[in-house]
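Below: the structure, in structure tokens.
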Amino acid sequence: MPEFKTSPGTRDILAPDSGRWRAFQDVFAKTVEAAGYTLIIPPMFEDLDVFLRLGEATEVVSKEMYDFHDKGGRHVALRPEQTASVCRAFVEHRPTTPWKVWYAGPNFRYEKPQQGRYRQFDQVGIEALGTDDPFLDAEVIGLGAKFFSNLGLTRVKLSVNTLGDAGDRARYSQVLFEYFSRHESTLSSESRATLARNPLRVLDSKRKPDQELIANAPAIRDTIGGEAKAHFESVLGALEALNVPYQVNNRLVRGLDYYRRTTFEFVSTVLESAHTAIGGGGRYDGLVEALGGPATPGIGFALGLDRTLLACDAEGAFAAPKNTVEVFVVDTVDGMHAQTICNLLRASGVTADRAYDLRSMKAQMKAADRSGASVALIIGPGEAQNSTITLRPMNSGEQYSIPRSDLVGEVLKVLRR
RNA sequence: GUGGGCGUAGCUCAGUUGGCUAGAGCGCCAGGUUGUGGUCCUGGAGGUCGCGGGUUCAAGCCCCGUCGUCCACCCCA
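Taking our numbering, the leading residue of the first sequence gets 637, the next gets one more, and so forth.
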């Protein structure tokens, strides 16, 4: 056993998974940059207060914050998500609106780790600030759906809902509180605790005894005002025009307290574990204001990398890319030939690797095989003597000699480039 | 934070009712006569049995603690 291991809830991502991560982010970037979103790279930690504005009732904030005091006495926290940072950046830089950004990177939450849930976990996401145009809602949601399909996923279910405006939300919360309070005796003990904290969250309960109560609970639709209702209808209409399949789930409330109006969630229907939500988001029209900026509407989503990749595994989609070199150089003379040949090939845009330590021909050929290279170049005493190279395509038993001066041309020819 | 399962070579795991120098497969290394990998054969390296206590003549096997991991709950990506 090694003396040191990664901290709980963290891990190393090695090849080939690391290549898959990068490809994942590339696909995401391509998807959203096609719609005009630009990359933002916020810091990984901020003043604790930035995140406290997400709402004290949010568990991510109240229980799971990775915070500490730095040497300057500042109370900072590793970001639990990036929406707050993006809004803070908006207030700090005041870009022209609509401001459409995307991000990718790790977030931190101090939780008990499980599969699909880590203390350091990666998300990709987008945020769009400055307009409450329902077409923007549909664009954001549609990009999420588009991304999943670009990955090759087909079993992703999209649920949408509206929470109404700030006043509606509070009113609905009150309605729910009264409703559940009337039936408190049949409510699970966990949900009773939740009820006191945040009545909306009771709708999220997956506990058996609560299911019937939840099914019969009053729906938000009956509580919200006409304006929010009209907005929601427009969003649904725009989604239909985009051919984005969805289903309205009026029990969908989501974990962050800042959501207003549109909320949505992507669930993989092939994942077995409890962690089937692979992404989610919504409108957060009060957040910029809460961070000291002008009243600015905003909407966005975040998708979990780990969980989405688990979904990919389950669907047999988006395999890790093969990260192999094209040419492998075997040099049993002195190692210097391998160096100059590799150098020359790389300068010509051909990826090339070699063996070290002047090992036996057999060992070097074995390394060539392992490297996945499609071509091996062999330099032994004979080749060194005549200034030739033996070129061996790895998938055939045949090989031939080429003049050293024709190296690059011959290699490009064999690689068909 | 609560409850439960697990923790033996780099990896996946065996290890019988506690009993001699702890095993297998894969991987790795070296060979298999005269420079050549992917199959096959032979040999080799590699383990304070997570860690710390305890019970016992004797513990990888039992007990306690601790750490890690997995599963469920909570919550969420």
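Just so you know, even glycine gets a beta-carbon here, dropped at the ideal spot from N, CA and C. These figures come from a predicted structure and were not determined experimentally.
- Taking the CA atoms as reference points, LEU675 sits about 6 Å from VAL737.
- With respect to the C-alpha of ALA851, the residue from LEU812, GLU863, PRO881 having the closest C-alpha is LEU812.
- Within the same chain, and ignoring the five residues on either side of ARG805 in sequence, the residues whose Cβ sits closer than 6 Å to its Cβ are LEU799.
- For ASP653, the secondary structure class from DSSP, reduced to helix, strand or coil, is helix.
- Residues VAL686, LEU927 of the same chain have their beta carbon placed closer than 6 Å to that of ARG724, with the five preceding and five following residues left out of the count.
- Residue environment for ILE677: exposed (fewer than 16 other C-beta atoms within 10 angstroms of its C-beta).
- In the displayed model, THR944 falls within a helix according to three-state DSSP.
- Counting only residues of its own chain and dropping the five nearest sequence neighbours on each side, ARG990 has a CB closer than 6 Å to the CB of VAL965, ALA974, CYS978.
- Between the alpha carbons of SER821 and ARG828 lies a distance of about 9 Å.
- For ASN885, there is no enclosing alpha helix (DSSP H), as DSSP gives it neither H nor E.
- Within its own chain, the residues whose Cβ lies closer than 6 Å to the Cβ of MET701, once the five positions on either side in sequence are excluded, are ALA713, listed in chain order.
- The residue among GLN718, ASP706, TYR746, LYS707 with its C-alpha nearest the C-alpha of LYS699 is TYR746.
- Cα atoms of GLY952 and GLU682: separation of roughly 38 Å, rounded to the nearest angstrom.
- If the five residues before and after GLY940 are omitted, its C-beta is found closer than 7 Å to the C-beta atoms of PHE757, GLN759, ILE914, GLY915, all from its own chain and listed in chain order.
- The beta carbon of GLY778 sits closer than 6 Å to those of LEU878, VAL880, all from its chain and outside the five residues before and after it, given in chain order.
- By the beta-carbon neighbour count (other beta carbons within 10 angstroms, threshold 16), GLU1034 is exposed.
- Per DSSP, the beta-bridge partners of ALA1012 are PHE964, ARG1028.
- The Cβ-Cβ distance between ILE1025 and ARG1006 does not fall below 8 Å.
- By the neighbour-count criterion, in which a residue is buried when 16 or more other Cβ atoms sit within 10 angstroms of its Cβ, SER643 is exposed.
- Within its own chain, the residues whose Cβ lies closer than 7 Å to the Cβ of TYR894, once the five positions on either side in sequence are excluded, are LEU690, GLY691, TYR920, GLY922, LEU923, listed in chain order.
- Contact check for PHE784 against VAL796 fails: the beta carbons are separated by 8 Å or more.
- In the assembly as shown, LEU789 is a buried residue. Its beta-carbon has 16 or more other beta-carbons within 10 Å.
- Counting C-beta atoms within 10 angstroms of its own C-beta, ARG896 has 16 or more neighbours from the protein chains shown and is therefore classed as buried.
- For GLN756, the pairing in a beta bridge is given by DSSP as PHE744.
- By DSSP's assignment, PHE902 forms a beta bridge with LEU794, GLY915.
- Rounded to the nearest whole angstrom, the C-alpha separation of GLU901 and THR830 is 21 Å.
- Counting only runs that start and end inside the segment 673 to 715, the beta strand (DSSP E) elements of at least 3 residues fall at 681 to 683, 702 to 705, 711 to 714.
- Just measuring C-alpha positions, the residue of LYS666, ARG890, GLU848, ALA1009 sitting nearest THR960 is ALA1009.
- Between the alpha carbons of TYR739 and GLY708 lies a gap of roughly 29 Å.
- Counting of Cβ neighbours within 10 angstroms places TYR754 among the buried residues, the total reaching 16 or more.
- The Cβ-Cβ distance between PHE664 and VAL776 does not fall below 8 Å.
- Judged by DSSP in its simplified three-state form, LYS865 adopts helix.
- By the CB criterion at 8 Å, MET680 and ARG715 fall inside the cutoff.
- In this structure, the straight-line span from the alpha carbon of VAL668 to that of ARG833 is close to 37 Å.
- Of LEU772, ALA956, ALA1020, the smallest CA-CA separation from ALA651 is found for ALA956.
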